[in-house]
Amino acid sequence: MTRLLLRAHRNPFTTPSAARVLARNLVGDNVGNLVFSYAVQRTLSVPGSSVDVARLNRARTLSPEEITERYDHVVIPLANAFRKRFLPNLDAISETIEKLEIPVTVVGVGVQSAVGERVRAPRQVGESVTRFVRAVLEHSPSIGVRGEWTAEYLEGLGFGSDHVEVIGCPSMFLHGDQLPLRRSTRPLDPRGPVAFNLSTYLPQMAPVVEDQVARYPGLVYFAQDIQTLGLLLEGSSDRTVIDERLPIHADHPLIAEGRTRFPLDATTWMEALATYPFSYGTRIHGNIAALLAGTPAYVLAHDARTLELARYHQIPHRRIDVDIDGVDAAALYAEADWTPMQAGHAERFGRYSAFLHAHGLSHVFDPGQAAGAQAFDERIARKTFPPPVGEPVVGVGRSRALADRIRSKARRVVRPDRQRA
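The opening position of the sequence shown corresponds to residue -19 in my numbering, with each subsequent residue numbered one higher.
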């Protein structure tokens, strides 16, 4: 039996309560982390193999010596790990890899940067990234990155195309070379449901939130950050309110009126999004989760890490750092074309599959390996997962007053040409 160790924040077969998820931060600050680790674990769950999960960068995890003794291969899915805030974790992972004596495969890592002519990061980030990539390449033929900008960034550090492969995000290949999508030919119903996601640290999104909350009574906000989970469970947060129009405080209508959901796992997240006709917002994995559920999605890209993935996978998108005016669900739904994304998906999957094979890894989409995916799905189906958190947690008096004030203000600022959207 091939024994794989997967870096992930938790095993997808566990069913922790919302309180436990919050207390132990079992989403790694962002529930989007669960989507790509879920996809990789399912993809590698071939018959005759076992996949265990560990964080790799915590003191209580296995030692490098124990990993070498117990496992045949370490697989590390990552997101925007090349950033200043993640450096302690990246250095800890590098230290572990340097002491291993077994193969290591990194899938889907990316750089976090503003969008410009070149992708840049602070020098201290480059030093840690250089150490990490060198450690990986001592145990691997190449490193898989999310997009062309990350490849360009690593080339600037001395790692060229011989060792760097652009493979996108492994989450997009949950279904292999298939990417089914349900889309009605009718316009989006402004009175019906619509799924929205948001990076709550973006002040430029405040007027968009204000407008969309007022315009779409069926809009539901799918939150991803651990602070919002705390807000939903405890009714308060110590987060600085940078703009009251953002759903980062208990009196915001999306919070107070029960129009926010926080999924605790990838399974219930995709199940919930499957019931919506459209998803849009700034969260790349919030929209990928929708696409995997068959729901059309649109990315509002604001930095290199989201834009390079949207471009690589040809997900409909708009750069809100240069064009935020007129962001509206119905208009985005009407203008988007998901045909290129679907048409190019099989080729992109082929590239991902070849990458895994080059690293000595079989997957459930290989001939004769489908039983592994079926066993994974059946095990998931036997579990009872807590539903997404989303109940109002504060009184309604003050909240309704604020909601009415925000709606009233939004109606005053809506342009006549946008009222028809």
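Every residue gets a Cβ at the ideal spot worked out from N, C-alpha and C, and that includes glycine.
Ranked by Cα distance from Leu70, the options Leu6, Glu81 and Val91 are led by Val91.
Excluding residues up to 5 positions away in sequence, Gly90 and Val91 lie with their Cβ nearer than 6 angstroms to the Cβ of Thr130 in the same chain.
In its chain, beyond the 5 residues on either side, Leu244 have a beta carbon closer than 6 angstroms to the beta carbon of Val1. Runs of the beta strand (DSSP E) lying entirely within the region 78 to 141, each at least 3 residues long, are 84 to 87 and 123 to 125 in chain order.
Leu(-15) and Pro68 have their C-alpha atoms spaced approximately 21 angstroms apart. Put simply, the region 161 to 176 does not touch the region 24 to 42. Fewer than three CB pairs are less than 8 angstroms apart. Burial is judged here by how many other beta carbons sit within 10 angstroms of a residue's own beta carbon; Arg328 has at least 16 and is buried.
Where Tyr18 is concerned, there is no enclosing beta strand (DSSP E), although the alpha helix (DSSP H) around it starts and stops at Asn13 to Leu24.
In the DSSP assignment, Asp357 falls within the alpha helix (DSSP H) that extends over Ala350 to Ala361. At a Cβ-Cβ threshold of 8 angstroms, Thr286 and Ile264 count as neighbours. Taking C-beta separations shorter than 6 angstroms and ignoring five residues to either side along the sequence, the partners of Val26 in its chain run Ser342, Val344, Gln349 and Gly352, following chain order.
Going by beta carbons, Phe335 and Cys149 fall outside the 8 angstroms limit.
Exposed is the label assigned to Ser30, since fewer than 16 other Cβ atoms lie within 10 Å of its Cβ. Here the C-alpha atom of Thr23 lies approximately 15 angstroms from the C-alpha atom of Leu159. For Tyr278, the enclosing beta strand (DSSP E) covers residues Ala277 to Ala281.
The DSSP-derived three-state label of Glu237 is coil. In its chain, beyond the 5 residues on either side, Val188 have a beta carbon closer than 6 angstroms to the beta carbon of Val307. Arg(-13) places its beta carbon less than 8 angstroms from that of Pro57. Cβ contact annotation for Leu209 (same chain, cutoff 6 angstroms, sequence separation greater than five): Leu2 and Phe242, in chain order. Distance from the CA atom of Arg65 to the CA atom of His155, rounded to whole angstroms, is 32 angstroms. As a beta-bridge residue in DSSP terms, Pro57 pairs with Val87. For Glu251, the closest C-alpha among the options Asp231, Ile235, Leu272 and Tyr260 is that of Leu272.
Ser30: member of the beta strand (DSSP E) spanning Ser29 to Ala34, first to last residue.
Taking C-beta atoms as the reference points, Tyr278 and Asn267 count as a pair closer than 8 angstroms.
Bounds of the beta strand (DSSP E) holding Phe202 are Gly198 to Phe202.
A direct Cα-to-Cα measurement between Pro367 and Leu137 gives close to 44 angstroms. The three-state secondary structure of Arg328, taken from DSSP, is helix. Secondary structure remark: continuous beta strand (DSSP E) runs of at least 3 residues inside the region 274 to 322, in chain order: 277 to 281 and 297 to 299. Going by beta carbons, Leu80 and Val54 fall inside the 8 angstroms limit. The Cβ atoms of Ile123 and Arg331 do not sit closer than 8 angstroms to each other.
Thr(-18): member of the beta strand (DSSP E) spanning Thr(-18) to Arg(-13), first to last residue. Beta-bridge analysis with DSSP links Asn10 to Asp205. Secondary structure note for Val146: its beta strand (DSSP E) is the uninterrupted segment Val144 to Val146. Assigned with DSSP and collapsed to three states, Asn5 falls in coil, not helix or strand. Here Phe(-7) carries a coil assignment [DSSP, helix/strand/coil]. If you draw a straight line from the Cα of Thr275 to the Cα of Gln322, it is about 13 angstroms long.
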